[in-house]
Each structure stands twice: as structure tokens, then as C-alpha cells.
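Just so you know, the sequence shown maps onto residues 1 to 987 in UniProt numbering.
Below is one structure, written out as C-alpha cells; comments come after it.
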Amino acid sequence: MAVDRSEKALETAIEADLLEAGYVRGLGYNRDTCLDHDTLMTFIQTSQPAVWQKLEKHFKSDTANQIIARLVKELELRGTLEVLRKGIDLFGQQIKLVYFKPEHELSEQALVRYEANRFTVSRQVHYSNQHQKSLDMVLGVNGIPIVTMELKNRPTGQNVNHAKRQYKQDRDPRETMFKFTKHPIRTLVHFAVDHDLVYMTTKLAGESTYFLPFNKGYNGGAGNPPSAGFQTEYLWKEVLVPDSLLEILQRFMHLEVDEKDGKKKVTMIFPRYHQLDAVRKIIADVKEKGAGESYLIQHSAGSGKSNTIAWLAHRLSGLHKNNEPVFHSTIVITDRVVLDRQLQGTIAQFEQTLGVVQKIDKNSAQLAEAIQAGKKIIITTLQKFPFILDKIEQQQGKRFAIIMDEAHSSQTGETAQKVREALRDYTVSEREEIEAELAEATTDSEAELIKEVSKRGRPSNISFFAFTATPKAKTLEMFGTYDGEVPRPFHLYTMRQAIEEGFILDVLANYMTYKTYYKLSKAIDDDPELDQKKAKKALAKYMALHPYNVAQKVEIIVEHFKTAVRHKIAGQAKAMIVTGSRQQALLYYRAMQRYMKEKGYPYGVLVAFSGTLYDDVTGEEVTESQINGFAESELPEKFKTDKYQFLIVADKYQTGFDQPLLHTMYVDKKLSGIQAVQTLSRLNRTHRAKQDTFVLDFVNEAETIYEAFKPYYEATKLSDVTDLNVIYDLKNRLFGYQIFEQREVDAYAEVFFRPKNRQRKGELAELHRIVDQAVVRYNKLPEEEKAECKSALNKFVRSYSYISQIAPFTDANLHKLFVYVQMLVKKLPNTNTGALQLDDEVQLTYYRLEKTFEGSIDLSEGEAKELKGLTDGVGTIEEKKDRLSAILELINQRFGTDFKPSDRVFFEQAKEEMLNDEITIHQAKNSSRENFIRSKTPQALKSFLATKNSNEQLFKRLFTDKDFQETVLHAFLNEVYEAARSIEIEE
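So this is what it looks like as C-alpha cells:
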């Protein structure tokens, strides 16, 4: 007999698994009420016999009808989820409709009631009096329908997309079974299922129904891994089994209310698979191991991180082990106001009591009070934390969970150390070890040193939960899970999976790069010797801020936006221009305004930079708010409006800025590593009308961007971990410079760690006197050795701060050196002599922009890129000197001089015309360069007029853009001046 491959066979298999898991077959749904009356009454009678008896005494044979009528009314008013959580009242009696699993096992009665819940599976459910349509499967809890499923079988030619279409086209959202008013009044979630994939939605809305993937992910991307059975059987074998379904109802599902432009949007949130999986796996691990562990959760943008954090915070705040709370307080460190609101709103739906979430928005005393009062969930910001921690007393005997929203490197150094010191309490064995060391201390200063060193390392009473999409090597080492030698994220939802599942857009799918070809020449007779590195930097700045360079790019940007971008996202598309400096941002803003005015284009432009800048146009200092005409804080909301299409940024809005209408990015800044990923990812937010994104990059090559993104596309890995001996290698290097001795370090530590009750006047001066000896010796080092030595000193401070977080260092001598070097580096003279300015020494001779790449940067290609752990990283710093002419040649070779005739013929013709004039040659030979340029400007313009046919586009720019004209004239007449002076005149 052939194997049954029909849809019915899948239905039968699912039903069999559910029955084995504790479900029973449903007794039948009433089409008027969409409730299983018999199952509901059986549950109430068995779980609440006293309540049933009192109601039956009053209502007699009509008891069941009265309960049903009251329940139907309450479901309409309050929705299924709230009714399940809080029950209903009837004639002075509270009727529970479900019993959730208690957090601890202290109440035997609570466990008995939990076991009384009845879970039903019903097949081919006819849910309406209006037609004979039926749902493939409905799962209910105590007679109330919760889950619907439409099943499709790939061997019969149908798949999950047919199931989604069935929900959209054949399931009327006005039917009681699916109705969603201010909340769902019956079923809460709907699954479209085939053998390979699962999708879900919490609201049917006809063709507008939005389905989310509910899949595990496979090989770093979307889909599901191979299975011995059905690839989707995790849905009914793991997620929908009784214990799991009740936990989701109790601790995960909630109504999310979003108010925008005066409109309320209400969404029933059901966790996506990776969110559910992450929270459950973390909780299981914490329950097994207790406090003192670290967890790195690498979840991509688009992962729904805010909800994951809210669920995790709530679960941690109520978690018990051996009937004792695992944590006394859960502290969430975040910079996002939205997360505060979301935590408050989400947890209010789970808890019966007010004040579970405490926001720290005043001062340090507020945090100390919250911790001492045992507030369950405390929200604070990273900026406030260092100031607040100073006033927190050590909380002996208390345990803490600290959730870090977007764990950056700033949280892996001294700030994290302060968190640990402020909240640490020692185990008995730790205290005994410290006390033994203290007993052997020969001085009070040594005792204080032992106390401080003992505070470092991993605390046993704090667990860290670090969320990030782009972990650095330091973050992995600090918070990662060590199964072997190399740490890994505890839980992973990759950028690749988020893209493939449609939660974010692939910002590298449409990428275009331009290369700037230009030639610089000297504008002075001298050929000064300059530091090569500084000169290259100065020349790069000269080009970045050159008006002609900016004007050319502005034309490309605006015209590209006009032809290719403005119609995107239903005509609402916006663009960001990323610049490398504040001055460049302002230059772009002025050039954009001029070009818009000249062309009559209606696009609005905003600029974002910090502090004040000198504005060449107004001749005054200006701020971002003065230019834009409103406060900095208003910019995100203003940019949303139809008035503005461009936002020019300089180190602002390149992280944490979520604007779904942002479609295109124009990049005129060197990007690499995490900065490249975070900056370009501003484009990845989805919008119902947004189909793609675009990047036009004037600076970076496609290969550079590929190298930056590749480590974060799937699981971020380390090629190796930090060698903890690095810190000792650095220590030996420092002593090798012979600017201090161990006895001076010891003397410094003796004063520095002297107890407060033994401190005396003049101790600060004494510390300075000790360190000053090293400063004197440092100043006698050769110049090239000074920079190398200072770099090593700074590296030692950073490395010790970092390494002491990932390994429990108890080396007192190393800690003495650390506090000594901390002060020493602050006292060393600044070796930076300032940046070079070459604006008057060089001139732009040739310039051309050329497209070099257009297409998709495919991250699926190539081997995975791994990050590297900490190395000593101190090399020889060599200051190279070279002549300005040689440096210019290097720069020109680097940027290319493959110029087309059309790029230079215009100027060559004009130059030839001027050099045919003997008066011009005579003036060049007998005038200063400055006087020659000033006097010959009118003649140069006439020469340009005579050659306009050779390059009409360049000619037009010369006579419409004043800044461009001045720059070109200066460069052109410099060239004529040099050429004229070299011509020999016959006597």
C-alpha cells in the first residue's frame, strides 16, 4: 500500500504527537460562541469545585449558560489574553480560566490546579453559521480557542504560501473566531504550515494580513535544518506542547500599542522563534548555574531585540532556584527611551502589581535606593552609571542580573569594572583567601592594594547579558561562552537570517563606487621638507574640503537622487550624505543649497554636526541648530516630514538612527570594520513600500566594505583569544625604556594606597614628585623613541584594564604599575605638533570622477572572516621626511593620473592662447606670483570664453559657481605663470 502523502496525513501526524504530549481531542466548538462548552465546564468543575457549587446553588440548571454568557461578554470587552490571565467575575465569584505554572514549588495546591488545565486539539473545525468552511486544526485551552493552523503538503503541489493565501482570501476576519477589535476576542495566533516552513500572524486582515517567518534558521540563514521527521515538527513538538504554550500565554504574548501622528496601532505580539529560543535557553542555563556567568546574545538588527530584552528582564526578575530568587534585582543599561516605555508597558501586562520597573532618571541616590529596596527591574543609562556607582554601597548577600543593550567596548573596560566593584560580594572561600593575604600584609598601603586587586575579575554574584549585532573581539572575550579555547556567542540570530527572512534589507545589494582621480602640484617656488605622514593627511584634507571636489560630488548626488531615488518608497524616499568632518558637512550643505537654488529643485536639506564651526559664508561661528532653524533634538522628527529629503552628517546619526524612509546613502568618508557596518546599516530598516536600498560611495572600495561586513554576516568568530601574557610583555617593554624603576613604582603605590585614616597633607604633591622623575628621563629620549614609549605606556593601561576583566588577575605588582603608569601618561608632554596646513602650498591641477564598481557585494561568497584577539600592538613609529614635490608625486600616483584629453584640453587651449601674448610673458617674468594672478584674471576669463566649445559643461560651471571659478583661476594662472617664466624671449 502506498504511503499517504495527503494533507490529511500531516494533520493526523500532528494530532498524534499532540495527544502524546498531553492534549485530548476537542469535544466540539459551538458555532455561535466559538467556545468548546463541555471542555470549559469540565475544567471549572474539576479545578474550582467550590466556585461551581456556589454558582450552581444560585443559577441551578442554567449555570453553564450564565458562565458562557458572562465569558462571551468579557472576551468582547477585554480580549482573550487578559481574560485568560485575570479570569472573570460572576455573581461575586471569581472564575479562573487557566492556571499558570508557579515560579516555585512551595504551593502544592498551585501545582494541582496547574495539572487541571485541559488542552484540546480539534480537526476540521467548522467555525461559522454562514458557511461550511473549516479550519484544518484548532488548539484550545480549557475550551477557549487559542491557535489555528492551516496545513499544506508539498508532495501534492501545495506549500506554505498556499496556506497563507487561504488565510488571506478564505478566512473572513469579521468572523468571531478571528475577530480583532482593540484586541483578539478568540484565537490569538494563526500558523501556516507545510513540511519545511512555518509562518505565523496574530491578526487576519484579508489581503493586508502580514505573516512572519517562524523558523529555526539553517546554516546561518533562513529555513529549517534537516530532521529525521518533518522539518517543522518543532512547532507542535516543542512550541505548542502544554507547558510551552501556557508559558507563552503567561510570559511572552502581549499587546503592543504604537502611537504615531495621533493614530493608535495595536499589535498582538507572539514571540518569533529565535526570541523564544534565546530567552528559554538563557533562563535554563541561569537556572542550572546560578549567578556569576556572562552571556553574549548576537542578534542582528531586525531581530526584535527590545521585546527579547523585555521578556528576558521579566523572566530573570522572577526566576527561582530551589525556591529562592536567583537575582534580587535586574538592571537594564540602555540609551533608548523606547525600551523604557516598552518594558513598562509589556511587564504591566504580565504583573498584577505596580512599580515592578523603576527608571533611574534623577540622581545616584535614586539608583542606590532602588537597589537597596530590592526593586525587581531597574533601568538606567550607561552615561549615568559611572556617576551613580560611586554612591552605591556594596550589597552584601545580594545577586544581580545586568542586561546591556548594545554591548560596545565602552562597557568592557573601566565602566564594567565599576559595575562589578559596586555590586560585588564575596563567597566564603574568596573572603578567606583575601583575609589570609591581608593578614600577611606588612603595611596599611599593601592591605589596601590587596583589597583593590581582589575586586577585579569575574564576580560570583553578577550575571551579565550583553546584546549586540556587531560584537568586537573584546566583547566576545568579555561576554562570550567558552566551550573550548575560543569564545562564541551564547545565542545567535544572524544578519544573513534577518535579511533572508525579510526583517531587514540587504544594504549591499545595490552598491556603486566612484574613484576620484586628481593631480596636485606645488603653488610655491620653495620645496620644503615635511613629515610624510602628516603631509599626506594634510593633502587628503585639502582635497576633501576643496570646493571643486565638493561641487562635482554634489552635482552627482542631487542628479542621481532626482532621477533614481525620489520616486522610491511611494515618493517618500530620503537620503543621507556621510562626510568625514564637520567642515566637510558644512561645505556640502552650502554647496547643496547653491545647487538646488540654481536648478530650482525643491529638495530640503538638513545638516548634523556637534559643537560650533566657522562659516565662510557668514563669517561667524555657527551651530547645527542655527543652520537648520530648530533644536538638535527635533531633527529626527523634522527629517521624517515631507519637507526634507537630504540629511548631511558628520559623526552623528551613524548609529542607533532608525528611519525606514532612508533609502540611499552617499558616502564621502573612509569607513572600515564595525563603523562601516553600523553606518551603512542605517539603510536596512523596512517599510511597506520599501523594496531596496542604494549606496553611492566616493571613497571606499567594494572589497573594503566586503571585509568589514563579512565577520558579522553570520556568527562572529575569533581566530584566537588574547594571550594573557601580553600584559607581561608590555610590562617588560616599559621597563626597557629605562624611564622609571621598580622602587619608584613601589613608592608611588605606598602613597597611593595609604588608608584614608593615615593620609596626611602633601600626599598629592608627593605622587607628582615621584612621577616627575620619569618625566625628566622621558624628555631625554631621542625624538623617535618618545612616541614609541608613549604608545607602549598607553597600550599597557588599556590592556590591563581589559585583561583584568576577562581573567581574575591577582598580581599586586602589576596593579601597582598600572596605577603608576595611569598618572605618568597624563604628565608626559604632548608630542603631537599639530596638523599641517598646505592650502597655500599646493594647487589642484586635474580632477575627474569615475565609476569603478556597480552591483551587489555578495557576503555569501568567500570564507568566513574572523576577528583577532588583543596583541601588544606597539611597533616602531618612524617619522619620514620628504620634499613637498616628492610627496605630491606619491599622492598623484596613489589616486591615478589616467586623465582623458577632454579633462585637460579646455585648459591647455586657454593656456596656449595666453602664452602667445608677449605682454603676459613679460608680466610673469617681472611680477610676483600674487600680482600676476590678480592682474591676469580678466584675461584668463576671456581665454576660457574663446575655448568654451571644447568643454561646455566645464565652461558653464566656471561662470555659474563663484567658488569653483576662483579655485580654477588660481590653479590655472599658477600654471601659466610657471610656463611663462620658463619661456626665453629673444632680445
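All residues carry an ideal CB built from backbone N, CA and C; glycine is no exception.
Predicted model only: the values in this text are computed from it and were never measured.
- Val821 is positioned such that its CB atom lies closer than 7 angstroms to that of Leu793.
- In the structure shown, the three-state DSSP call for Gln659 is coil.
- DSSP, read as helix, strand or coil, puts Gly290 in coil.
- Three or more Cβ pairs closer than 8 angstroms define a contact, and the stretch 655 to 665 meets that threshold against the stretch 679 to 699.
- Under the DSSP assignment, Leu151 falls in the beta strand (DSSP E) whose first and last residues are Ile144 to Leu151.
- DSSP, read as helix, strand or coil, puts Val745 in helix.
- Across the structure, Thr563 and Asp697 are spaced so that their CA atoms are roughly 17 angstroms apart.
- By alpha-carbon distance to Glu866, the top candidate from Pro271, Gly26 and Pro471 is Pro471.
- Within the same chain, Cβ atoms closer than 6 angstroms to the Cβ of Ala631 are found at Ser625, the five residues on either side in sequence being excluded.
- In the structure shown, Ala466 falls within a strand segment according to DSSP collapsed to helix, strand and coil.
- Between Ala551 and Ser300, the C-beta spacing is not below 7 angstroms.
- Rounded to whole angstroms, Met576 and Val677 show a C-alpha spacing of 15 angstroms.
- Per the coordinates, the alpha-carbon of Gln94 lies some 37 angstroms from the alpha-carbon of Gly290.
- Between Glu293 and Thr494, the C-beta spacing is not below 7 angstroms.
- Per DSSP, Phe932 is one residue of the alpha helix (DSSP H) stretching across Arg929 to Ala946.
- The C-alpha of Met200 is placed about 37 angstroms away from the C-alpha of Met512.
- In summary, Asp616 is exposed, with fewer than 16 beta-carbon neighbours lying within 10 Å of its beta-carbon over all protein chains present.
- Under the criterion of beta carbons closer than 8 angstroms, Ile309 and Ile403 qualify as touching, at roughly 6 angstroms.
- Comparing C-alpha distances from Phe400 to each of Gln572, Val326 and Lys362 shows the shortest one belongs to Val326.
- The DSSP-derived three-state label of Glu485 is coil.
- Sequence-distant Cβ neighbours of Asp642 in its own chain, meaning closer than 8 angstroms and more than five residues away, are Gln572.
- For Ser935, the number of other beta carbons within 10 angstroms of its own is below 16, and it is reported as exposed.
- Each residue's CA atom was taken as its position, placing Thr334 and Ile283 some 21 angstroms apart.
- Between the alpha carbons of Gln584 and Asn700 lies a gap of roughly 17 angstroms.
- Taking a C-beta distance under 7 angstroms as the contact criterion, Leu84 and Val98 qualify as a contact pair.
- Relative to Ser856, the option among Leu505, Val771, Phe959 and Thr618 whose CA is nearest is Leu505.
- Sequence-distant partners of Glu103 (beyond 5 residues in either direction) whose C-beta falls short of 7 angstroms from its own C-beta, in its chain, are Gly318 and His320.
- Counting only residues of its own chain and dropping the five nearest sequence neighbours on each side, Gly221 has a CB closer than 6 angstroms to the CB of Arg496, Gln497 and Glu500.
- Setting aside the 5 residues that flank it on each side, Val279 is surrounded in the same chain by Thr308, Trp311, Leu312 and Arg315, each with a C-beta closer than 7 angstroms to its C-beta; the list follows chain order.
- Here the C-alpha atom of Gln366 lies approximately 12 angstroms from the C-alpha atom of Gly374.
- Where His190 is concerned, the enclosing beta strand (DSSP E) starts and stops at Val189 to Val193.
- According to the DSSP assignment, Phe639 belongs to no beta strand (DSSP E) but to the alpha helix (DSSP H) extending over Leu635 to Lys640.
- Between Val160 and Lys168 a beta carbon distance of about 13 angstroms is seen, past the 8 angstroms cut, so the two are scored as non-contacting.
- Pairing Ser610 with Thr623, the inter-Cα distance amounts to about 7 angstroms.
- In the structure shown, Met823 adopts helical secondary structure according to DSSP, grouped into three states.
- In the DSSP assignment, Met200 falls within the beta strand (DSSP E) that extends over Val198 to Thr201.
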